[in-house]
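Student: Read top to bottom, the protein sequences are chains A, B and C.
Every position in the first sequence, counted from 1, becomes a number in this note's numbering once 15 is added.
Every position in the second sequence, counted from 1, becomes a number in this note's numbering once 85 is added.
Every position in the third sequence, counted from 1, becomes a number in this note's numbering once 355 is added.
Note that CB positions come from ideal geometry on N, CA and C, so glycine has one too.
Take a look at the following structure, please.
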Amino acid sequence: MFSRKPGNRPEDERIVAEGLTRLPVVKAPDAIWNSIEASLRAPKPLETIPPRRTFAWTFAAAAALLVVAGTAVYWRAPHRTRWEVVRTTGAQAPRTETISAGEWLQTDSSSTAEMRIGTIGTVEIEPGTRLRVLTTRPNDNRLSLAHGEISATISAPPKLFFVETKSATAVDLGCQYKMKVDDSGNGLLRVTLGWVSFEWHGRESLVPAGASCRTRAIEGPGTPFFDDAPKSLTAALDDFDFSNGGEAALRTILANARPRDTLTLWHLLSRVAEPLRPLVYDRMISFAPPPTGVTREKAMALDPQTLKMWKDELAWTW
Amino acid sequence: MADREIAASILESCRCGDRDAFRALYEAYKDKVYSICLYFFHGDAAEAADVTQEVFLKLFAGVAGFRGDAGFSTWLYRLVQNACLDRSRSKAARTRAVEAASDTFATQEDDLIRRQSEQTVQQAVSALPAKFRLPILLRYFEELSYEEMSAALNCSMGTVASRLNRAHKLLAKLLPMRGGRDV
Amino acid sequence: MDLVKRLASLALFASSLASGQNLSLTIGNSVAGQDYTMKSASFVFRVNGCADLSKAQVTAVAEGIVGGARRSAPLHPVPLQSQAGVYAIPDRSNPDGKWVFVVTANCGNETAGAIVPMNGQGFVRESTQLLSHAPSPSEIEAALKADTPSPAPGH
Numbered sequence: 016m017f018s019r020k021p022g023n024r025p026e027d028e029r030i031v032a033e034g035l036t037r038l039p040v041v042k043a044p045d046a047i048w049n050s051i052e053a054s055l056r057a058p059k060p061l062e063t064i065p066p067r068r069t070f071a072w073t074f075a076a077a078a079a080l081l082v083v084a085g086t087a088v089y090w091r092a093p094h095r096t097r098w099e100v101v102r103t104t105g106a107q108a109p110r111t112e113t114i115s116a117g118e119w120l121q122t123d124s125s126s127t128a129e130m131r132i133g134t135i136g137t138v139e140i141e142p143g144t145r146l147r148v149l150t151t152r153p154n155d156n157r158l159s160l161a162h163g164e165i166s167a168t169i170s171a172p173p174k175l176f177f178v179e180t181k182s183a184t185a186v187d188l189g190c191q192y193k194m195k196v197d198d199s200g201n202g203l204l205r206v207t208l209g210w211v212s213f214e215w216h217g218r219e220s221l222v223p224a225g226a227s228c229r230t231r232a233i234e235g236p237g238t239p240f241f242d243d244a245p246k247s248l249t250a251a252l253d254d255f256d257f258s259n260g261g262e263a264a265l266r267t268i269l270a271n272a273r274p275r276d277t278l279t280l281w282h283l284l285s286r287v288a289e290p291l292r293p294l295v296y297d298r299m300i301s302f303a304p305p306p307t308g309v310t311r312e313k314a315m316a317l318d319p320q321t322l323k324m325w326k327d328e329l330a331w332t333w
Numbered sequence: 086m087a088d089r090e091i092a093a094s095i096l097e098s099c100r101c102g103d104r105d106a107f108r109a110l111y112e113a114y115k116d117k118v119y120s121i122c123l124y125f126f127h128g129d130a131a132e133a134a135d136v137t138q139e140v141f142l143k144l145f146a147g148v149a150g151f152r153g154d155a156g157f158s159t160w161l162y163r164l165v166q167n168a169c170l171d172r173s174r175s176k177a178a179r180t181r182a183v184e185a186a187s188d189t190f191a192t193q194e195d196d197l198i199r200r201q202s203e204q205t206v207q208q209a210v211s212a213l214p215a216k217f218r219l220p221i222l223l224r225y226f227e228e229l230s231y232e233e234m235s236a237a238l239n240c241s242m243g244t245v246a247s248r249l250n251r252a253h254k255l256l257a258k259l260l261p262m263r264g265g266r267d268v
Numbered sequence: 356m357d358l359v360k361r362l363a364s365l366a367l368f369a370s371s372l373a374s375g376q377n378l379s380l381t382i383g384n385s386v387a388g389q390d391y392t393m394k395s396a397s398f399v400f401r402v403n404g405c406a407d408l409s410k411a412q413v414t415a416v417a418e419g420i421v422g423g424a425r426r427s428a429p430l431h432p433v434p435l436q437s438q439a440g441v442y443a444i445p446d447r448s449n450p451d452g453k454w455v456f457v458v459t460a461n462c463g464n465e466t467a468g469a470i471v472p473m474n475g476q477g478f479v480r481e482s483t484q485l486l487s488h489a490p491s492p493s494e495i496e497a498a499l500k501a502d503t504p505s506p507a508p509g510h
């Protein structure tokens, strides 16, 4: 009964065995041994490594992918995520190089690259992009996008991967997205899977799949909108977010909103002047009654628990 | 030398505090331990790394007391079970799964298909209750016998059989039929 | 036509309330599941009005027409632990042919169903039918024959 002898296996076991053979044995990260070793001996003080070598990938004819290294200071961290630039386009054959915290990565007008963030995901880097790796810790993988465009595909628990720009930080919540910014920090985030939290100095925009959010230098992230929202709504939203469009812009947004645009309206509820909140609330409930527990009074008071409860229910319509 | 003989000689050296021997032991088992932890914790690489580290530190600390009356694997995977369940209880782990990591790169398309397939399997494993997840992972990653699993999981063989039986039934419902997950 | 369908769904929902039918389904994008691991699911669905969710039984099947031939294949709803009574459909529809995903939920002696048309982008909310009974073969065939909006440009 308890033998492992081969032979006729029950159908369930056969299906499971076949399925589980698809699960690979995953290589343990090198950093685990480093951490074990560190635990087995006396802790070391802060270590400074000498200036990193410069990565200069020059291609024969076209301009190349260029990595400019900076001096990096390393702490003996418990673990470190291995970041690699694994692929490039251009005349040269693809190469794989490790990239570390503090280092810059830049593509020219005709080159692209793919950066692998440990085992949690990848970042595709478009031509004309410059970014810097900030931290590579398992709980904090972070880069700074100076300008250009990237596409991130992250498969990890939320809040392990961050992209900073001059006007907002994208916090991964389990997603796939594109982000584009110019030198000033003006840009656009477009999410294709999952959610992204787009944050700046306490202002947060939750951007789900199928939606986008603009960001402007100094102002920070705007209000999210679905990509299929009416142009009249998105134009008025731009006006409201970045040109002091005020009540006139708000009324245009509300007039053109569809049931799905409660994504935008939910965010606006806490962004409009208090006297205008009833307009937004009334428009939202014209699409669907609020869930049990969400009262007008609490919503007007911007009670966090109430707003979260409402968002979680509205998400079923987004 | 057979694996068990290697382990015995290395264990002896570990008992003497031989750091190189411990490193050899670590290298022999690290990937499987990490993989089991990774799939137990729904693909959470950080959790898996932490628990893997914890397991091996406990192993090294406790190797002097290992009498060898049970197999080394049994002892090791008991450490794994205890560490996984302790961590799971303390952090109230949620059922999650991520795309499996890969050490090799195929074409993007092949990679996507393979990752979709792995993701389905991971999601199915993640959907199992914790007490079924470890037996399944030990069965298919380490190929432990029922006797070995009974010792590792500190329960009777009947309990092992029962849990595996239920896990197989649940997984068989969750896993796609032959030919992939596209319909 | 979409408006007619929407009104029909609302009428069905209203009549089910009037008849005392409590069980219903809600269909949503994967983000509604609040489970990042299911971000690439075709959709998530919630079983509403079941007093004891542990006794709810859900099934799902893909029904399609590929190259003129009728096809069926089982789907694999995965219960999400982020929310009780919420399931994800991790399966993706084959880009070839036309497909609807049919979901049925049972709780006690009540049944609810949904016919969820799929296109290259995912599920088509506007054409989704929520029913107070298990979808019938004729309803499924009608859904397969109906026009399904194509994915929006740029996707």
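Please report the straight-line C-alpha distance between P290 (chain A) and D242 (chain A), rounded to a whole angstrom.
Tutor: Taking the straight line from one Cα to the other gives about 29 Å.
Student: Need the endpoints of the beta strand (DSSP E) that Y124 (chain B) sits in, please.
Tutor: Not the beta strand (DSSP E): Y124 (chain B) falls in the alpha helix (DSSP H), residues R104 to F125.
Student: Since A133 (chain B) and L144 (chain B) are thought to touch, with beta carbons under 8 Å apart, how far apart are those beta carbons, to the nearest angstrom?
Tutor: Their Cβ separation, rounded to whole angstroms, is 16 Å, which puts A133 (chain B) and L144 (chain B) out of contact at 8 Å.
Student: Between D502 (chain C) and chain B, is any beta-carbon pair separated by less than 8 Å?
Tutor: D502 (chain C) does not count as touching chain B.
Student: List the DSSP bridge partners of M324 (chain A).
Tutor: The partner list for M324 (chain A) (beta bridge, DSSP) is empty, contrary to what the question assumes.
Student: Whole angstroms is fine: what's the gap from D451 (chain C)'s alpha carbon to G419 (chain C)'s?
Tutor: If I take the Cα positions, the gap works out to 9 Å.
Student: Can you tell me which residues form a DSSP beta bridge with L227 (chain A)?
Tutor: Per the sequence presented here, residue 227 (chain A) reads as Ser, with Leu not at that position. Its beta-bridge partners are A:R205 and A:F240.
Student: Within its chain, find whatever has a CB closer than 8 Å to the CB of A330 (chain A); leave out the 5 residues flanking it on each side and keep chain order.
Tutor: The residues are P223.
Student: Does the separation of the CB atoms of V101 (chain A) and E129 (chain A) fall below 8 Å?
Tutor: Closer than 8 Å, so yes.
Student: Rounded C-beta distance between L380 (chain C) and A501 (chain C)? I'm assuming under 8 Å.
Tutor: At roughly 19 Å, the Cβ-Cβ gap does not stay under 8 Å, so L380 (chain C) and A501 (chain C) are not in contact.
Student: Secondary structure at V83 (chain A), three-state DSSP: helix, strand or coil?
Tutor: For V83 (chain A), the predicted structure reports a pLDDT of 31, less than 50, and the residue's modelled location is therefore unreliable. A value from the coordinates is still provided. Correct three-state label for V83 (chain A): coil.
Student: By alpha-carbon positions, which one of A:L208, A:R37, A:R311 and A:K181 ends up nearest to A167 (chain A)?
Tutor: Comparing Cα positions, the closest option is A:L208.
Student: Once you ignore the five residues that flank N23 (chain A) on each side, which residues in its own chain have a CB closer than 8 Å to its CB?
Tutor: With a pLDDT of 47 at N23 (chain A), under the threshold of 50, the predicted position of this residue should be treated as unreliable, though the coordinate-derived value follows. Within the same chain, N23 (chain A) has no close Cβ partners at all.
Student: Note the first and the last residue of the continuous alpha helix (DSSP H) segment covering N49 (chain A).
Tutor: First-last of the alpha helix (DSSP H) with N49 (chain A): D45 to L55.
Student: Taking Cβ-Cβ distances shorter than 8 Å, what residues in chain B pair up with V433 (chain C)?
Tutor: Simply Q208, A209, A212 and L259.
Student: Ignore the nearest five residues each way along the sequence and tell me which others in A226 (chain A)'s own chain have a CB closer than 7 Å to its CB.
Tutor: Only V206, P239, F240, F241, D242 and L278 meet the Cβ criterion.
Student: What residue range does the beta strand (DSSP E) around W281 (chain A) cover?
Tutor: Here W281 (chain A) belongs to no beta strand (DSSP E); instead the alpha helix (DSSP H) covers T277 to L284.
Student: How close, in whole Å, do the beta carbons of G383 (chain C) and S437 (chain C) come, if the pair is a contact with beta carbons under 8 Å?
Tutor: So it is not a contact: roughly 13 Å between Cβ atoms.
Student: Which partner residues of E214 (chain A) appear in the DSSP bridge assignment?
Tutor: Answer is A:T184 and A:E219, bridged to E214 (chain A).
Student: Any beta-carbon of chain B closer than 8 Å to the one on N154 (chain A)?
Tutor: Chain B contact via Cβ: present.
Student: Does chain B have any CB closer than 8 Å to the CB of E496 (chain C)?
Tutor: No, E496 (chain C) does not count as interfacial toward chain B.
Student: Starting from Q166 (chain B), follow its DSSP beta bridges and name the residues at the other end.
Tutor: According to DSSP, Q166 (chain B) bridges with nothing at all.
Student: Buried or exposed for H162 (chain A), please, with buried defined as at least 16 other CB atoms from any protein chain shown within 10 angstroms of its CB.
Tutor: So H162 (chain A) ends up on the buried side.
Student: Residues in the segment 455-485 of chain C with C-beta within 9 Å of chain B's C-beta atoms, listed in sequence order?
Tutor: Residues F456.
Student: Helix, strand or coil: which one does DSSP assign to R248 (chain B)?
Tutor: Looking at R248 (chain B) - three-state DSSP - the assignment turns out to be helix.
Student: Determine whether the beta carbon atoms of L222 (chain B) and L229 (chain B) lie at a separation below 8 Å.
Tutor: No, Cβ-Cβ distance for L222 (chain B) and L229 (chain B) is not below 8 Å.
Student: Going by beta carbon distance, what residues of the same chain come within less than 6 Å of T483 (chain C), once the five residues before and after it are set aside?
Tutor: Excluding residues within five positions, the ones whose Cβ falls inside 6 Å are I382 and V471.
Student: Which chain B residues are close to S50 (chain A), counting only those with a beta carbon under 7 Å from its beta carbon?
Tutor: Here the neighbours are Q138.
Student: Can you grab the Cα-Cα spacing for the pair N239 (chain B) / K216 (chain B), in whole Å?
Tutor: About 12 Å.
Student: Mapping the DSSP letters down to three states, classify S166 (chain A) as helix, strand or coil.
Tutor: Residue state, collapsed to three classes: strand.
Student: Closest by CA to R292 (chain A), which one among A:P173, A:G261 and A:W333?
Tutor: When only C-alpha atoms are compared, the closest one is A:G261.
Student: Determine, using beta carbons only, whether F226 (chain B) and C169 (chain B) come nearer to each other than 8 Å.
Tutor: In this structure, C169 (chain B) does not lie closer than 8 Å to F226 (chain B) by Cβ.
Student: If you check the beta carbons only, do R97 (chain A) and T113 (chain A) fall under 8 Å apart?
Tutor: Contact flag set, yes.
Student: Does DSSP put F151 (chain B) in a helix, in a strand, or in coil?
Tutor: In this structure, F151 (chain B) counts as coil in the three-state DSSP scheme.
Student: When you compare the CB of C99 (chain B) with every CB in chain C, is at least one pair closer than 8 Å?
Tutor: C99 (chain B) does not count as touching chain C.
Student: When you compare the CB of H253 (chain B) with every CB in chain C, is at least one pair closer than 8 Å?
Tutor: Answer no: the Cβ-Cβ gap between H253 (chain B) and chain C never drops below 8 Å.
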